[in-house]
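In mature numbering (1 follows the signal peptide of the UniProt record, and there is no 0), the protein residues as written are -20 to -1, 1 to 487.
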């Protein structure tokens, strides 16, 4: 009887199995291989790994906790997110789009912080504890700021909507921006990556890669670039900025560059070339320039004077400044040229370092002209010894006639002057139909060897030119407005000028 009772459970189980096979029951029998089905948790959108090396306190005790500060923003007001601060618990937060939510939490060293939800802004700048950052399904993230942390690598391939990226002062040894086709601002200074490619980032307006390990920088695809800070790098070749004509601020401090061409940068207002190896700099096309830093460059006094003369005039509101301390010729350059233009200079030069000046010949209409010293033509912008006598020879296009010579936009008497400072030189021509009589009733008498004119302005200077614009004579009329010119017959048409008025004489 005992044996029959012990077999009852087995008989009941067999009956259940037969019933299931006959009628399709889903009843299953427990086995040692079966496990309960667990629904997988959705991965975090953003994961931040915190260092476990937090240092020691003032009592030489190991620090085990740290405060993590985050600034978070979303595209929509009232966006719900969750954050696991490393303890396995998700906490609920509601953030907006107008003002970032500032959240600070004390966490353990070595913690992994997980953020769930769509953010448009993540700012974790200055924590100095983040060693890793990972991203998954973050289509709304437009601003990412992870400056001043301990990142050694970062994968940005998921962040296709990113417009602003801050990675300054980390430990990055590589950076790949190729997937960030919407990127407008990149701040990546104080890292150790040897290469930076920006050919896919055609929307870039700000690029900062100061003090990295790069030796070259191709910016030919970044035509929208307005601000470039790329100093303290050891470039093996000069930078080519010919395609970056939108640049307004250029900072190449401490790059060791022997030369730089900024002539294409007509919008440039700030130029910092401190601590390079420049011996010359052409800023003739940079009319918007209002800040120039050339400190600690081997530029001599004459070259500095060239730069001063070519810099634009500034108004007080411009707050224009030039820094030339520790240049080779700064102390002996003529800084007064700059202060007279409204610029402030960090040192005062005594103007003793250069014995030459230059003349900048401006283009003219209706003719041509040359400048000569001792009968030798001196091209524009050629150094001339201070005090040399310069003669201007003009050749008008017919039917134009010479009117006057202008130095620094001011007319002079005659066509010669002493080159005692930097000056612009140009010539104005009058059309024949525009010639005026000097004084109504002026008369001219000719003899074999002289021309006698009367009725001119009394005690006033005059110049006599031939039809080619060559100055033949100059002087001052007497108290009666008369002059006598010793000119042989046969010279042809002569022009007698007083101020801006001219009369013609046939000789």
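C-beta atoms are modelled at their ideal positions from N, C-alpha and C, and glycine is treated no differently.
Values in this document were obtained by computation on a predicted structure and should not be read as measured data.
{"query": "Candidates 276, 395, 206 and 24: closest to residue 95 by CA position", "result": "24"}
{"query": "Anticipated Cβ contact below 8 Å, residue 238 with residue 221, distance rounded", "result": "Actually they are not in contact, since the Cβ atoms of residue 238 and residue 221 sit about 15 Å apart, beyond 8 Å."}
{"query": "Residue from 382, 174, 170 and 233 whose Cα sits closest to the Cα of residue 151", "result": "170"}
{"query": "Coarse secondary structure for residue 333, derived from DSSP in three states", "result": "coil"}
{"query": "Pairwise C-alpha distance: residue 254 and residue 157", "result": "29 Å"}
{"query": "Span separating the alpha-carbon of residue 352 from that of residue 387", "result": "15 Å"}
{"query": "Span of the alpha helix (DSSP H) around residue 284", "result": "281 to 290"}
{"query": "Buried versus exposed, by CB contacts within 10 Å (16 or more), residue 45", "result": "exposed"}
{"query": "Integer Cβ distance of residue 115 from residue 139, believed to fall under 8 Å", "result": "6 Å"}
{"query": "6 Å CB neighbourhood of residue 57 in its chain, flanking five on each side removed", "result": "76 and 77"}
{"query": "Endpoints, alpha helix (DSSP H) assigned at residue 316", "result": "316 to 319"}
{"query": "Beta-carbon proximity of residue 91 to residue 66, cut-off 8 Å", "result": "yes"}
{"query": "Pair within 8 Å by beta-carbon distance, residue 270 and residue 241", "result": "no"}
{"query": "Those residues which DSSP pairs with residue 144 across a bridge", "result": "123 and 165"}
{"query": "C-alpha gap between residue 37 and residue 43, whole angstroms", "result": "6 Å"}
{"query": "Range covered by the beta strand (DSSP E) that runs through residue 32", "result": "Segment: none, residue 32 is in no beta strand (DSSP E) and carries neither H nor E."}
{"query": "Among 260, 153 and 73, nearest to residue 51 - alpha-carbon criterion", "result": "73"}
{"query": "Residue range of the unbroken beta strand (DSSP E) whose run includes residue 384", "result": "380 to 387"}
{"query": "Cβ neighbour criterion (16 or more within 10 Å) applied to residue 477", "result": "buried"}
{"query": "Segment contact flag, the segment 422 to 436 with the segment 383 to 397, C-beta cutoff 8 Å, min 3 pairs", "result": "no"}
{"query": "Nearest-angstrom Cα separation, counted from residue 482 out to residue 252", "result": "51 Å"}
{"query": "Cβ pair residue 267, residue 301 closer than 8 Å", "result": "no"}
{"query": "CB contact flag (residue 274, residue 247, <8 Å)", "result": "no"}
{"query": "Length of the line joining the Cα atoms of residue 467 and residue 409", "result": "24 Å"}
{"query": "Identity of the residues DSSP links to residue 252 by a beta bridge", "result": "231 and 273"}
{"query": "Neighbourhood of residue 363 by C-beta distance below 8 Å, restricted to the same chain and skipping five residues each side", "result": "282, 336, 337 and 338"}
{"query": "Residue 196 beta carbon less than 8 Å from that of residue 215", "result": "yes"}
{"query": "Residue range of the beta strand (DSSP E) that includes residue 352", "result": "347 to 353"}
{"query": "Burial state of residue 236, where buried means 16 or more other Cβ atoms lie within 10 Å", "result": "exposed"}
{"query": "Which listed residue (312, 231, 199 and 178) has its alpha carbon closest to that of residue 191", "result": "231"}
{"query": "Which of helix, strand or coil DSSP assigns to residue 175", "result": "coil"}
{"query": "Three-state secondary structure assigned by DSSP to residue 400", "result": "coil"}
{"query": "Residue range of the unbroken beta strand (DSSP E) whose run includes residue 64", "result": "59 to 64"}
{"query": "Closest by C-alpha distance to residue 366, when choosing among 401, 291 and 332", "result": "401"}
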